[in-house]
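Below is one structure, written out as structure tokens; the observations come after it.
Protein chains: 2
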Amino acid sequence: MKGRRRGAALENALLDAAWEELAERGYAGFTMEDVAVRAGTSRPVLARRWNGKAELAIAAIRKRMAIAPLDVPDRGDVRTELLEYLERASARAREIAAAFTLFTSGYFQETASSPSDLQAALSAGETRTLATILDRAVERGEIDQAKLTGAIASLLSDLFRYHVIMTFSAPPDDLRTEWVDGIFLPLVRRA
Amino acid sequence: MKGRRRGAALENALLDAAWEELAERGYAGFTMEDVAVRAGTSRPVLARRWNGKAELAIAAIRKRMAIAPLDVPDRGDVRTELLEYLERASARAREIAAAFTLFTSGYFQETASSPSDLQAALSAGETRTLATILDRAVERGEIDQAKLTGAIASLLSDLFRYHVIMTFSAPPDDLRTEWVDGIFLPLVRRA
DNA sequence: TCAATAAGATACATTTATGCATCTTGACGG
DNA sequence: CCGTCAAGATGCATAAATGTATCTTATTGA
Numbered sequence: 193m194k195g196r197r198r199g200a201a202l203e204n205a206l207l208d209a210a211w212e213e214l215a216e217r218g219y220a221g222f223t224m225e226d227v228a229v230r231a232g233t234s235r236p237v238l239a240r241r242w243n244g245k246a247e248l249a250i251a252a253i254r255k256r257m258a259i260a261p262l263d264v265p266d267r268g269d270v271r272t273e274l275l276e277y278l279e280r281a282s283a284r285a286r287e288i289a290a291a292f293t294l295f296t297s298g299y300f301q302e303t304a305s306s307p308s309d310l311q312a313a314l315s316a317g318e319t320r321t322l323a324t325i326l327d328r329a330v331e332r333g334e335i336d337q338a339k340l341t342g343a344i345a346s347l348l349s350d351l352f353r354y355h356v357i358m359t360f361s362a363p364p365d366d367l368r369t370e371w372v373d374g375i376f377l378p379l380v381r382r383a
Numbered sequence: 193m194k195g196r197r198r199g200a201a202l203e204n205a206l207l208d209a210a211w212e213e214l215a216e217r218g219y220a221g222f223t224m225e226d227v228a229v230r231a232g233t234s235r236p237v238l239a240r241r242w243n244g245k246a247e248l249a250i251a252a253i254r255k256r257m258a259i260a261p262l263d264v265p266d267r268g269d270v271r272t273e274l275l276e277y278l279e280r281a282s283a284r285a286r287e288i289a290a291a292f293t294l295f296t297s298g299y300f301q302e303t304a305s306s307p308s309d310l311q312a313a314l315s316a317g318e319t320r321t322l323a324t325i326l327d328r329a330v331e332r333g334e335i336d337q338a339k340l341t342g343a344i345a346s347l348l349s350d351l352f353r354y355h356v357i358m359t360f361s362a363p364p365d366d367l368r369t370e371w372v373d374g375i376f377l378p379l380v381r382r383a
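What follows is the structure in structure tokens.
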């Protein structure tokens, strides 16, 4: 027996339990009951804090996303920064996959939103980070502004997310390197 | 009153109704009851043919995928063939999105498969089509075999599917053209 | 030390989807 | 023309999940 938890300590334990359930079973198999059991408590405790499973799931994902900030500092070199960006994003692969099951599993049918809204809602910081890296690279003269069309500017994050969504896991190191050296940089490098 | 349907005619009507439900609500909101009502019949008629909603949904998607074959004939030019490939694939956007909601909404948790199995199961023909186009292009000497790494060879279909999954709609014409002319061909063109 | 508050347990009603059993009736084949 | 079989309707039992009300008890703060 380790006593009775209260306030923030309890809430953290509840969100952690919710996250583990989400990561293991996806939003489809996500139930308040299972979360309560895993957290060693009962449903009313959850019901007092969140209205329904959707709210709980979002709160759990948000907390988890906040753990690993995605900002990449200026390293003086695009390639280094892009690889670092992909590496950090990879640490969030399971969070992204979990968030995705949320949107395709009925949440979006209530809010009438499509999964791309997830991009705006949860990974706003992610795309901003990439944009910042590319802006710096343009300033340095490493890449050509004119070659940065919309499709190309989002190419790396698109490839990354597609991989995560399809495999439910992070892209391996060598694949990330291939994206950067074999695809992205050749397309935008200054002539 | 248009009389009582039987056999194959009835089965087609059931699968069509199931497909419309899937496309409208996604797998999460997909119920046998709703399908039966839409088809103008009752649940036992469905239960006699399929065991559960997963089987029914898969049958509906399969039937739908079979409508528009994806083979692209030899046009003598890669660019033409790639654009045609993307155009035909676009006609299937809703099918792909619907299939995807199926896999992320609980079906895969029963079968312990990840969404990439969907790729293998449902769009095997799709990737084969692209591979065929690229093989022809290599033979013609239009693109460089050595440049066709794994990530690049699947680049177009990856971009296409990512777009479909995120927006639940087909990529517009100009975006497809940008993928081909602005991204893919520059990467693989013979020096 | 004690009162207030919230954690935790338990029980009940409700909702939603499903499987199955039964029964009537319409359509097709011999 | 009629018998057979399946379509279609209806009802019931079940299972899973949720919301909520109630009650006990541990913990915190005055």
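Going down the list, the sequences are from chains A and B.
With our numbering applied, the first sequence covers 193 to 383.
With our numbering applied, the second sequence covers 193 to 383.
Glycine included, each C-beta is placed from N, C-alpha and C at the ideal position.
Asked	Found
Compare the C-alpha of B/D263 against each of B/E273, B/K255, B/D269 and name the closest.	B/E273
Can a CB atom of chain A be found closer than 8 Å to the CB of B/L274?	no
Buried or exposed: A/S234, going by 16 or more other Cβ atoms within 10 Å of its Cβ?	exposed
For the alpha helix (DSSP H) that B/L274 lies in, which residues bound it at each end?	270-282
Can you find a C-beta in chain A that's less than 8 Å from the C-beta of B/D350?	yes
Please report the straight-line C-alpha distance between B/M193 and B/T223, rounded to a whole angstrom.	Low per-residue confidence applies at B/M193: pLDDT is 48, beneath 50, and the placement is therefore not dependable enough to give any value.
So with CB distances below 9 Å, who are the chain A contacts of B/L379?	G374, I375, P378, L379
Identify, in the order they occur along the chain, each residue of the same chain with its Cβ nearer than 8 Å to the Cβ of B/R267, setting aside the five sequence neighbours on each side.	E273, E276
Do A/I259 and B/I344 have their beta-carbon atoms positioned less than 8 Å apart in this structure?	no
CA-CA distance, A/A228 and B/G199?	48 Å
Counting only the same chain and skipping the five closest in sequence on each side, list residues whose C-beta sits under 7 Å from that of A/F352.	L278, A281, P363
Are the CB atoms of A/D350 and B/Y354 within a distance shorter than 8 Å?	yes
Could one say the Cβ of B/R353 lies closer than 8 Å to chain A's Cβ atoms, at least one of them?	yes
Please specify which runs of the alpha helix (DSSP H), each continuous and at least 4 residues long, are wholly inside the region 202-254 of chain A, giving them in chain order.	224-230, 235-239
Can the beta-carbon of B/A289 be found closer than 8 Å to that of B/I357?	yes
At a Cβ cut of 9 Å, what residues of the region 313-347 of chain B count as close to chain A, listed as they run along the chain?	K339, T341, G342, A343, I344, L347
Taking the Cβ atom as the reference point for each residue, do B/A231 and B/A249 lie within a distance shorter than 8 Å?	no
Kindly say whether B/A281, judged by its beta-carbon, lies nearer than 8 Å to any beta-carbon of chain A.	no
Using C-beta distances below 6 Å, list every residue in its chain close to B/L294, excluding the 5 sequence neighbours before and after it, in chain order.	Y219, A249
Can you give the Cα-Cα distance for B/A239 and B/R197, rounded to whole angstroms?	16 Å
List, in order along the chain, the chain B residues whose C-beta lies closer than 9 Å to that of A/S297?	G218, Y219, A220, T293, T296, S297, G298
Let's see if you can read the secondary structure: which residues bound the alpha helix (DSSP H) around A/E375?	Before going on, a small fix: residue 375 of chain A reads as Ile here, not Glu. Unbroken run through A/I375: none, as it is neither H nor E.
Which term fits B/E247, buried or exposed, when burial requires 16 or more other beta carbons within 10 angstroms of its beta carbon?	exposed
Under three-state DSSP, which class holds A/A383?	coil
A/W211 touches chain B at which residues, Cβ-Cβ below 8 Å?	What A/W211 touches in chain B: nothing, since even the nearest Cβ is about 17 Å away.
What is the residue span of the alpha helix (DSSP H) that B/G389 lies within?	Residue 389 of chain B lies beyond the residue range present for chain B, which begins at 193 and ends at 383; the question has no answer from this structure.
Whose Cβ in chain A lies nearer than 7 Å to the Cβ of B/L367?	A343
Let me make sure I understand the geometry here. Which of B/P236, B/G342, B/R381 has the alpha-carbon closest to that of B/R332?	B/R381
Between the Cα of A/T321 and those of A/V270, A/F292, A/L377, A/A383, spot the shortest distance and give me the residue it belongs to.	A/V270
Taking only three categories from DSSP, how would you classify B/S297?	helix
Against chain B, does A/E370 count as a neighbour if the rule is that its beta carbon must be under 8 Å from one of theirs?	yes
Can the beta-carbon of A/E287 be found less than 8 Å from the beta-carbon of A/M257?	yes
Just mark A/R284 as buried or exposed, buried being the case when its beta carbon has 16 or more other beta carbons within 10 Å.	buried
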